[in-house]
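Take a look at the structure set out below.
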Amino acid sequence: MKSLIQKLTEAYAPAGHEDVVRDLVRAEIRSLVDSVSVDALGNLIAVRKGQGRGGRRVALAAHMDEIGLIVSHIDSRGFARVTNVGGVRPLYAAGGRVRFTNGAIGVIGVEMRRERPDHIPALSDLFVDFGVSRAADVPVRVGDVGAFMGAYAELPGGRIAAKSLDDRIGVVVLIETLRRLKRSPHEIAFVFTVQEELGLRGAGPAAFAVEPEVVLAVDVTATGDTPNSVRMAVALGGGAAIKAKDTGMLVDPRLRDLLIQRAKEARLPYQIEVLEGGRTDAAEMQLARGGAIAGCVSIPCRNVHSPVEVVDLGDVEAAIGLLVATLSKPMDSLVIGD
Ligand code: CO
Ligand code: ZN
């Protein structure tokens, strides 16, 4: 699984440019599903039919895209100025490297504020330096999109550092779930979405097409266990995070309780997540068409939206185990209608 994480996190897929990751995912799953399709937005939808009776129509969602930058203008000395594609944190961007769709690589410098040396940079203070001195030699154009670079690394303690673990780790969890799920009564759509980082733009149309009764997003969540971090009851290494609420969704308590029950039965570590800043694809999918019973299994992640996002492999395994355990059995507690 580590090699799959490395391959997918090193792949290039800023929002709206998901084709490289989509091709990698399709190659991994093609032989494991009954149908694979790509919609107009670029969502990859793979469906596995259910076996036996009493199944639900379930959608699992993980987003393929990552945050990035887009060139807004280029100055006469050959520095490209940029604005954000998704939730870029300028402090994390400064000092990093950015790779553009055509392969060009630049380093990110910061305008010095000599009068305020402790000034925290804004996006407008950043410039991309391609090592050239004239606008004519800049290898990108206005409107070109890039993604941050960040090498995959294995840290002590069974933890992985990489860029775009948000949400390539969710993509890995979906692929591994598909591999390990032997038998399921449910018809399951594995939905690999686009443009989540721009405001969950791919998920709604995908859910409209798939018409799920039950939706589960798999995405990263913040942790409350680093110095002066947000206050929340989620810690790295504490197990799969079963979401109760975030900014976009109150999870259906029946689905939350079903996930808790399956985690207990399978003796998998889990924790309950209330995220005060952030949303997932499930928020859009919950409200598509006539609505769906929606929940989310989250992977705790440090430094979200940085080139050094960190996850714990034990949490990843717990999330896969929880999805396999949940999808293997009926979901009789999820009644729709009366
Ligand atoms: Co994100
Ligand atoms: Zn995400």
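Quick note: the sequence shown uses my numbering, first residue 1380, plus one each step.
Virtual Cβ for every residue (Gly too), placed ideally from N, Cα, C.
Check                                                                                                                                                                          : Outcome
Do Gly1627 and Ala1661 come within 9 Å of each other at the CB atom, strictly closer than that value?                                                                          : yes
Run the CB neighbour count on Ala1501, radius 10 Å, all protein chains shown included, and call it buried at 16 or more, exposed below.                                        : exposed
I want to see whether chain B comes within less than 9 Å of Glu1655, judged by CB atoms only; does it?                                                                         : Here there is only one protein chain, and chain B is not present.
DSSP three-state label for Leu1595, please.                                                                                                                                    : strand
Is Glu1397 near the ligand ZN, in the sense that its beta carbon is under 8 Å from a heavy atom of that ligand?                                                                : no
I'd like to know whether the C-beta atoms of Gly1525 and Gly1485 end up nearer to each other than 9 Å.                                                                         : yes
Which of the three DSSP states is assigned to Leu1544 in this structure?                                                                                                       : helix
Which stretch, first to last residue, makes up the beta strand (DSSP E) that contains Leu1423?                                                                                 : 1423 to 1427
Would the region 1430 to 1442 count as touching the region 1596 to 1606 if we require 3 or more Cβ pairs under 8 Å?                                                            : yes
With a threshold of 8 Å, establish whether the CB of Val1550 neighbours any heavy atom of the ligand CO.                                                                       : no
What did DSSP end up calling Lys1381 once you bin it into helix, strand or coil?                                                                                               : helix
Among the residues of its own chain, which have a CB less than 7 Å from the CB of Ala1623, if the five just before and after it don't count?                                   : Val1630, Arg1635, Ile1651, Glu1652, Val1653
In three-state terms, what does DSSP make of Lys1561?                                                                                                                          : coil
Could you tell me which residues DSSP puts in a beta bridge with His1684?                                                                                                      : None, per the DSSP bridge assignment.
Alpha carbon to alpha carbon, what distance is there between Ile1554 and Arg1562?                                                                                              : 15 Å
Tell me, please, which residues DSSP counts as bridged to Ile1651.                                                                                                             : Ile1621
Just tell me which of Ala1704, Val1676, Val1609 has its CA closest to the CA of Lys1643.                                                                                       : Ala1704
Evaluate Ala1472 with the Cβ neighbour count: other Cβ atoms within 10 Å of its Cβ, from every protein chain shown; 16 or more gives buried, anything less gives exposed.      : buried
Would you list the residues sitting across from Gly1447 in a DSSP beta bridge?                                                                                                 : Val1464
CB Gly1457 to CB Val1521, shorter than 9 Å?                                                                                                                                    : no
Can you name, in chain order, every residue of its own chain whose Cβ lies under 6 Å from the Cβ of Pro1686, other than the five neighbours on each side?                      : Gly1475, Phe1527, Gly1529, Lys1542
Using a Cβ-based criterion (distance less than 8 Å to any ligand heavy atom), does Asp1402 qualify as near the ligand ZN?                                                      : no
Does the region 1425 to 1434 come within contact of the region 1488 to 1504, defined as at least 3 CB pairs closer than 8 Å?                                                   : no
Closer than 8 Å: is that where the CB of Gly1583 sits relative to any heavy atom of the ligand CO?                                                                             : no
What residue does the alpha helix (DSSP H) around Arg1750 start on, and which one ends it?                                                                                     : Here the chain has residues from 1380 to 1717 only, and residue 1750 is not among them.
Looking only at C-alpha atoms, which of Ile1567, Ala1406, Ala1667, Glu1576 sits nearest to Pro1709?                                                                            : Ile1567
Along the chain, where does the beta strand (DSSP E) that runs through Ser1320 open and close?                                                                                 : Outside the displayed range of the chain (1380 to 1717) lies residue 1320, so it cannot be described from this structure.
According to the neighbour-count rule (16 or more other Cβ atoms, all chains shown, within 10 Å of its Cβ), is Asp1413 buried or exposed?                                      : exposed
Have a look at Leu1383, Ser1712, Arg1538 and flag the residue whose alpha-carbon is nearest the alpha-carbon of Arg1641.                                                       : Ser1712
Assess, as a yes-or-no matter, whether the region 1565 to 1585 is touched by the region 1607 to 1617 under the definition of 3 or more beta carbon pairs within less than 8 Å. : no
Could you give the uninterrupted runs of the alpha helix (DSSP H) lying entirely in the region 1491 to 1524, keeping only those of 4 residues or more?                         : none
From the DSSP secondary-structure annotation, give me the bridge partner or partners of Thr1572.                                                                               : His1442
To the nearest angstrom, report how far apart Pro1591 and Arg1436 are at their CA atoms.                                                                                       : 5 Å
Nearest-angstrom Cα distance between Arg1493 and Arg1658?                                                                                                                      : 38 Å
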